[in-house]
Each structure stands twice: as C-alpha cells, then as structure tokens.
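Chains as they are written, first to last, in full-length UniProt numbering: chain A, 1 to 167; chain B, 1 to 167.
All C-beta atoms, glycine included, are put in the ideal place defined by N, C-alpha and C.
Report on the following structure.
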DNA sequence: GGACATTGTATCGGGATGATATAGTATGCT
DNA sequence: AGCATACTATATCATCCCGATACAATGTCC
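Here it is, written out as structure tokens:
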C-alpha cells in the first residue's frame, strides 16, 4: 500500500484537502495502519491529478490561499478497485519498546522492569483514546478497525502484566 | 530506533557480519519489531566504524572476498546504553489488510469476506512459524519477544473469527 | 547439466520522513 | 491589552531508507 493508493482510498470515502488527509492519517482510525507526511502526500496528490485519477476544485477563502478539495475520478475509482483486488501485503510492525527490551537484557538488565511499567501505562492511555474515538464513530468499517486496535491493545497489556514477574 | 542503534543493539548480543545482521532482521525474533535492507545496513556499519563505535576484523576466506566481522567498542556500548536510557518511541504499525478492509466497504464490499478468510489462513501460518522459532530459542529475552508475537497473532485471529459474521 | 539457493559486500534510483517556511486566524493565558 | 500557542493550508528540502541489482564463488536440488 503506497501513499498513492492510500490517497485514492481515503478519497473514495469522501472529498478532502491534502491537509485533511494528513489529519486523518495522523489521528482517527487511519492512524492504526498507516502513516504519511506532507512531504509524501502533496507530491502524490499532484501526480495523481496529472494522471487523471483524481481532480480538484479550488475553493477560495477570504485572506487565505485557495483550498484544493480533491475528489476521485471514475478512472481513479477503477485503479483503486484493481489495487484492492490483489491480496494485501504483510503487516509491518516496528517497536522500539521490544527492541529496547531485547537489548536491555545485555546492556542494562535493571532497566527492563521500568520499560514494562512505562509500557503498561502507555497501553492504558491508548485504550482510553480508542474508546473515545469509538464513541463518535458510526461507519461499520471504521468501528471494525478501531475495535481491532482495542483488541490488540488489551492483548498486549494482558501479556505484559502476566509476564512481568516471569522475566 | 534508527538503523544505527539497531546495529549497535544487535552487535551487543554478539559479533556479526553485515550479512548476518540482515539475516537476523529478516528472520528470527528481530523480524517482529524491525526491518532493514542491505542499502541501509552497510552504510550504517561504515559510518559507525568511522565514528569508532564499532570495529571490524577482516577474516579471509578461500576464494571469496574477506568477511568483515564487526564488534562493539566500549564507546559504542556507552552510546547504546545512552540510547536505551531514553524511553522508547511509539510502535508503528502498517497494515495493508486493514486499509483494504476499510476501503473495500466503499468500493467492493463483496470482497471483505475473502479478505478476512485469507487473513485467518495467514495468521495460522505465522503462528506455526513462531512456535517453530520458539522451540529452538533459549535466550529469555528472545523467548519473551517471540511469545509476545504469538500472543498478538492469537489475539488478532480470535478477533477476526469472532467478528467475521458481524460485518 | 541447468536452475536455484546461499554467503558476502556493495551501489543506485526512487521514494518517504521530518523539519522547516509562509501566512493569516483564533484561542487562551496572565 | 499583549503575548504565545495552536489551527488551517500549501509547499519544499536534506537526509535517510527501501528494493532492486551487480558481482562472485559454492552448494544443492531436480
């Protein structure tokens, strides 16, 4: 899933500006399976427009530069459908926490307890945030993703609590 | 956790060549929280050597180019300790599966069932692989990481099975 | 015998990240 | 009232990273 397909997918759910796409990817249910920065979103939108997969209408705002509201063209929808027909690639997970835990054993074993305690507190924060997002979300697919995220957070928290004494 | 710190961490567990580091990151317990390619590992090792954080001894092999076996210097160990003293950054998760599921609802809803079935099969494969790795692993920290991975796979699988009918 | 996998080092193009620039509005703190 | 911070909005840039590829010899499967 490259940034181009991600943009097509988000626009398939509704028109948006580059700034709004960034917000959706940084917060909300999208943030649990994707990331993207301005430096990748804006070039992607420009190129997709050149290729005719999306189009924008400029909405003028008083005393501000024009807002470019992008929307999917029929050709873009076709491209997205083709991309979704393929089976998705494997998940990619990066965790500084797990890396730190593994390396700490060799370099600073007295730190592992703190690392796990910090992590437990972090899970509590994440769970609270997910539950808040879930309250305001009505789309079944978005709720599905949020509930998936909640299940993962609870599972990770439970595992750490069970194992803390073992290590 | 940038590639440099990752290399320092791996070398803190034992000496290794660039090729071996790549193998550890691509397979084994490291693969569940990190990724790195030759294109990032080799430049990182070169730069760390220049900075005196690691050193290598060239082991000559018959009819092959010399093997560069890298090891951590005391300065490198100090740098790693400093890096581990900071609290680790948040986990980053990218899932084409979740993205496809969310976008499929808008573009090709009939595909969601297949996506979930494929995913369940994929989890079964992953669980088997993790259990095999766990059998041959004795280091407590490595076992911890593998068991963490197993717990996550089981939780994801259970969630999908429970929810498949709901969607 | 040929194709493919393994051990090993290394480079390169294209793409992504994170920081920064610009610029006006709105909100909040003291 | 004054100041700082945050928000909306687009855009660029250095730096880093990924995936593919090249080279080179050996081992292994069919």
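Handout entry: Inside the region 84-164 of chain A only - alpha helix (DSSP H) runs reaching at least 4 residues
Key = 96-107, 112-135, 140-163
Exercise for the section: Give the range of the alpha helix (DSSP H) segment to which residue 20/A is assigned. Expected result: Counted from its first residue, the first chain places residue 20/A at position 20. Residue 20/A -> alpha helix (DSSP H) spans 18-26.
Exercise for the section: Under 8 Å between beta-carbons, which chain B residues line up against residue 80/A? List them in chain order, please. Expected result: For the purposes of this step, residue 80/A is taken as the residue at position 80 of the first chain. Here the neighbours are 103, 107.
Problem - N- and C-terminal bounds of the alpha helix (DSSP H) containing residue 50/B - result: What you label residue 50/B is simply residue 50 of the second chain in a count that begins at 1. Its alpha helix (DSSP H) spans residues 38-50.
Handout entry: Exposed unless 16 or more other CB atoms sit within 10 angstroms - verdict on residue 37/B
Key = Within the second chain, residue 37/B is the residue found at index 37, counting from 1. Burial call: exposed.
Practice task
Give the secondary structure of residue 33/B by DSSP, where H, G and I count as helix, E and B as strand, and everything else as coil.
Solution key: Mapped onto the second chain, residue 33/B falls at position 33. If DSSP states are grouped into helix, strand and coil, residue 33/B belongs with coil.
Exercise for the section: For chain A, find out if any of its Cβ atoms is closer than 9 Å to the Cβ of residue 152/B; answer yes or no. Expected result: As a first step, residue 152/B is located in the second chain; it is residue number 152 there, counting from the start. It does: the Cβ of residue 152/B has a partner Cβ on chain A nearer than 9 Å.
Handout entry: residue 88/A: contacting residues in chain B (beta-carbon distance under 9 Å)
Key = Position 88 of the first chain, counted from the start, is the residue given in the question as residue 88/A. Under the 9 Å cutoff, chain B gives 95, 96, 97, 98, 99, 100, 101, 115, 118, 119.
Problem - Any chain A beta carbon closer than 9 Å to residue 66/B - result: On the second chain, position 66 is the one that residue 66/B refers to. For residue 66/B, the answer is no, since every Cβ of chain A falls outside 9 Å of its Cβ.
Problem - Cβ contact check for the region 11-21 of chain B and the region 62-82 of chain B: 3 or more pairs under 8 Å - result: yes
Problem - Assigned exposure category for residue 148/A - 16 Cβ within 10 Å defines buried - result: Taking the first residue of the first chain as 1, we reach residue 148/A at position 148. Its Cβ being crowded by 16 or more others within 10 Å, residue 148/A is buried.
Practice task
Decide yes or no for the touch test of the region 147-161 of chain B against the region 108-121 of chain A: beta carbon pairs closer than 8 Å, at least 3 of them.
Solution key: no
Handout entry: Sheet register partners of residue 59/B (DSSP bridge)
Key = Start at 1 with the first residue of the second chain, and residue 59/B comes out as number 59. Answer is 67/B.
Exercise for the section: Name the residue from 142/B, 79/B, 158/B, 98/B whose alpha carbon lies nearest to the alpha carbon of residue 6/A. Expected result: Position 6 of the first chain holds residue 6/A. Comparing Cα-Cα distances from residue 6/A to each of 142/B, 79/B, 158/B, 98/B, the minimum goes to 98/B.
Problem - Own chain residues within Cβ distance below 7 Å of residue 156/A, not counting five before or after - result: Mapped onto the first chain, residue 156/A falls at position 156. Same-chain partners within the cutoff: 123.
Practice task
Have a look at the DSSP bridge pairing and note the partners of residue 72/B.
Solution key: Within the second chain, the letter at position 72 stands for residue 72/B. DSSP, once it has assigned bridges, lists 54/B as partnering residue 72/B.
Handout entry: residue 13/B - DSSP class collapsed to helix/strand/coil
Key = Mapped onto the second chain, residue 13/B falls at position 13. Note: residue 13/B maps to coil in three-state DSSP.
Problem - Cβ-based contacts, 8 Å cut-off: residues of the region 132-144 of chain B near chain A - result: 139, 140, 141, 142, 144
Handout entry: Neighbour flag for residue 47/A against chain B, beta carbons, 9 Å
Key = Start at 1 with the first residue of the first chain, and residue 47/A comes out as number 47. No, because no Cβ of chain B sits closer than 9 Å to the Cβ of residue 47/A.
Problem - Proximal residues of chain A, C-beta to C-beta of residue 38/B below 8 Å - result: Start at 1 with the first residue of the second chain, and residue 38/B comes out as number 38. Per Cβ cutoff of 8 Å: no residues; residue 38/B is ~18 Å from chain A at best.
Practice task
Could you tell me whether the Cβ atoms of residue 144/B and residue 95/A are closer together than 9 Å?
Solution key: Here residue 144/B corresponds to residue number 144 of the second chain, with the count starting at 1. Here residue 95/A corresponds to residue number 95 of the first chain, with the count starting at 1. Cβ distance not < 9 Å, so residue 144/B and residue 95/A don't count as in contact.
Practice task
Answer with buried or exposed for residue 158/B, where buried requires no fewer than 16 other C-beta atoms within 10 angstroms of its C-beta.
Solution key: Within the second chain, numbered from 1, the residue matching residue 158/B stands at position 158. Per the 10 Å Cβ criterion, exposed.
Problem - Residue closest to residue 78/B, alpha-carbon to alpha-carbon, out of 39/B, 53/B, 26/B, 131/B - result: In the second chain, counting from the first residue as 1, residue 78/B sits at position 78. For the residues 39/B, 53/B, 26/B, 131/B, the minimum Cα distance to residue 78/B belongs to 53/B.
Exercise for the section: Just the chain A side, please: which residues come within less than 8 Å of residue 6/B by C-beta, in chain order? Expected result: Within the second chain, the letter at position 6 stands for residue 6/B. Ordered by position in chain A, the residues that pass the 8 Å Cβ test against residue 6/B are 99.
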